[in-house]
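**Q**
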Amino acid sequence: MEVPRHITIIMDGNGRWAKKQGKMRLFGHNAGTESVRACCEYAVEHGIRYLSLFAFSEENWDRPQDEVQGLMELMLKSVLGERETFRKNNIRFRVIGDRSRLSEKLLANIDMVQDETASHTGLTLIIMLSYSGKWDIVQAARRYASDCLAAGKQLPLDETGFSGYLATAGIPDPDLMIRTSGEQRISNYMLWQCAYTEFYYTPVLWPDFRKTDLEQAIQSYNLRERRYGKVE
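Residue numbers (our numbering): 324 to 555.
#1: Below 8 Å on the Cβ atoms is my guess for Trp529 versus Ser375; work out the distance and round it to an integer in Å.
#2: Evaluate Gly487 with the Cβ neighbour count: other Cβ atoms within 10 Å of its Cβ, from every protein chain shown; 16 or more gives buried, anything less gives exposed.
#3: Among the residues of its own chain, which have a CB less than 8 Å from the CB of Arg547, if the five just before and after it don't count?
#4: I want to know whether the region 388–406 touches the region 499–510 - three or more CB-CB distances under 8 Å.
#5: Over what stretch of residues does the beta strand (DSSP E) that includes Ala378 continue unbroken?
#6: Are the Cβ atoms of Gly351 and Phe379 separated by less than 9 Å?
#7: Note the first and the last residue of the continuous beta strand (DSSP E) segment covering Asp499.
#8: On the three-pair Cβ rule with 8 Å, is the region 529–544 touching the region 470–482?
#9: Using the Cα positions of Val326 and His369, report the straight-line distance between them to the nearest angstrom.
#10: Tell me whether Arg410 sits in a helix, a strand or coil according to DSSP, three-state version.
#11: Rounded to whole angstroms, what's the CA-CA distance from Val402 to Asp438? Just pull it up for me.
#12: By alpha-carbon positions, which one of His329, Phe377 and Arg360 ends up nearest to Gly336?
#13: For Trp384, is the classification buried or exposed, using 16 other Cβ atoms within 10 angstroms of its Cβ as the cut-off for buried?
#14: Using three-state DSSP, classify Ser455 as helix, strand or coil.
#15: Check His443 in the structure and name its three-state DSSP category.
#16: Just to check my reading of the structure: Ile501 and Ile332 have Cβ atoms closer than 8 Å, yes? What is that Cβ distance to the nearest angstrom?
#17: Who does Tyr524 pair with in a DSSP beta bridge?
#18: What's the gap between the Cα of Pro495 and the Cα of Leu448?
#19: Which whole-angstrom value describes the C-beta separation of Met398 and Leu429, a residue pair presumed to lie in contact below a C-beta threshold of 8 Å?
#20: Mapping the DSSP letters down to three states, classify Thr331 as helix, strand or coil.
#21: Looking at the unbroken alpha helix (DSSP H) that takes in Phe485, where does it start and where does it end?
#22: If you draw a straight line from the alpha carbon of Ala341 to that of Arg549, how long is it in whole angstroms?
#23: Please say whether Ala431 and Arg415 have beta carbons closer to each other than 9 Å?
So this is what it looks like as structure tokens:
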């Protein structure tokens, strides 16, 4: 079975899963960390080069403050708790998103782990945190405009060049995007990068998502013919 080079996942359904258990939403977010671990293990075992996970969107800042705070604390705990796993499995760790709203403590620990794993050559695990597709395009346009101002002229720009201004510069566009919980939309996620991505939707809630579910998504991907607008 051929595995995609880059798989990205919209991890959805933590709140609904917790509600089914009669628990608070944060209980579901905590349970979802086991699904992250399972997907990372599968990616390492099968040679997937990039795994990106949509952990927290720009829009999620509007959620109740206690949930937001709990998610940030969970992120900090996860970043620190997986350092040894990253080392043992040669995983490169990256976080992409709007850093301006993240705490200094979280940013310091993110940067520490990114620096520790920068030379790792196995799986690149990318956490999309405080990220949105529209934000990414706008910040890319601003960076391009800034370069034009510095140069004193309009610089040449094509699609490849613009991709270099995105927060995901240097990372190949996703081959396969998975969304859990049955929702069938991309929710302002990687709007530029997913132009030719294959989408796979599953009713499985994220805390229940395991290696077998990921393998089913990859099997579905393998049945598709990617023509990129061309005719055979």
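Using N, Cα and C, we set each Cβ at its ideal position, and we do this for glycine too.
**A** In this structure, then:
#1: As a position in the sequence shown, residue 529 is number 206, starting the count at 1. As a position in the sequence shown, residue 375 is number 52, starting the count at 1. Rounded, the Cβ-Cβ distance is 15 Å, inconsistent with contact.
#2: Looking up residue 487 in the sequence shown gives position 164. With fewer than 16 Cβ atoms within 10 Å of its Cβ, Gly487 is classed as exposed.
#3: The residue you call residue 547 lines up with position 224 of the sequence shown. For Arg547, where only same-chain residues beyond five positions count, the Cβ hits under 8 Å are Glu521.
#4: no
#5: Working through the sequence shown from its first residue, we reach residue 378 at position 55. Unbroken beta strand (DSSP E) run through Ala378: Tyr373 to Ser380.
#6: For the purposes of this step, residue 351 is taken as residue 28 along the sequence shown, with counting starting at 1. For the purposes of this step, residue 379 is taken as residue 56 along the sequence shown, with counting starting at 1. No.
#7: Mapped onto the sequence shown, residue 499 falls at position 176. Before going on, a small fix: residue 499 reads as Leu here, not Asp. That run of the beta strand (DSSP E) goes Leu499 to Arg502.
#8: No, the region 529–544 does not touch the region 470–482.
#9: Position 3 of the sequence shown holds residue 326. Position 46 of the sequence shown holds residue 369. If you take the alpha carbons of Val326 and His369, they lie about 7 Å apart.
#10: For the purposes of this step, residue 410 is taken as residue 87 along the sequence shown, with counting starting at 1. In this structure, Arg410 counts as helix in the three-state DSSP scheme.
#11: Against the sequence shown, residue 402 aligns to sequence position 79. Against the sequence shown, residue 438 aligns to sequence position 115. Answer to the nearest angstrom: the Cα atoms are 13 Å apart.
#12: Residue numbering aside, residue 336 sits at position 13 when the sequence shown is read from its first letter. Closest by C-alpha distance to Gly336, out of His329, Phe377 and Arg360, is Phe377.
#13: By 1-based counting over the sequence shown, the position of residue 384 is 61. It is exposed - the Cβ of Trp384 has fewer than 16 other Cβ atoms within 10 Å.
#14: What you label residue 455 is simply residue 132 of the sequence shown in a count that begins at 1. Coil.
#15: Reading the sequence shown from its first residue, position 120 is the one you call residue 443. Coil, per DSSP.
#16: Here residue 501 refers to the residue found at position 178 when the sequence shown is read from its first residue. Here residue 332 refers to the residue found at position 9 when the sequence shown is read from its first residue. Between Ile501 and Ile332 the beta-carbon gap is near 5 Å, inside 8 Å, which marks them as a contact.
#17: Numbered from 1 along the sequence shown, position 201 holds the residue referred to as residue 524. Answer is Arg502, bridged to Tyr524.
#18: The count along the sequence shown starts at 1 and reaches residue 495 at position 172. The count along the sequence shown starts at 1 and reaches residue 448 at position 125. When only Cα atoms are considered, Pro495 and Leu448 end up about 13 Å apart.
#19: If you number the sequence shown from 1, residue 398 lands on position 75. If you number the sequence shown from 1, residue 429 lands on position 106. The pair is a contact, with the Cβ atoms about 7 Å apart (cut-off 8 Å).
#20: Taking the sequence shown and counting its residues from 1, the one referred to as residue 331 is at position 8. Thr331 falls in the strand class under three-state DSSP.
#21: Position 162 of the sequence shown, counted from the start, is the residue given in the question as residue 485. Phe485 -> alpha helix (DSSP H) spans Glu482 to Ser486.
#22: As a first step, residue 341 must be located in the sequence shown, where it is residue number 18. As a first step, residue 549 must be located in the sequence shown, where it is residue number 226. The straight-line gap from Cα to Cα measures roughly 37 Å.
#23: By 1-based counting over the sequence shown, the position of residue 415 is 92. By 1-based counting over the sequence shown, the position of residue 431 is 108. No.
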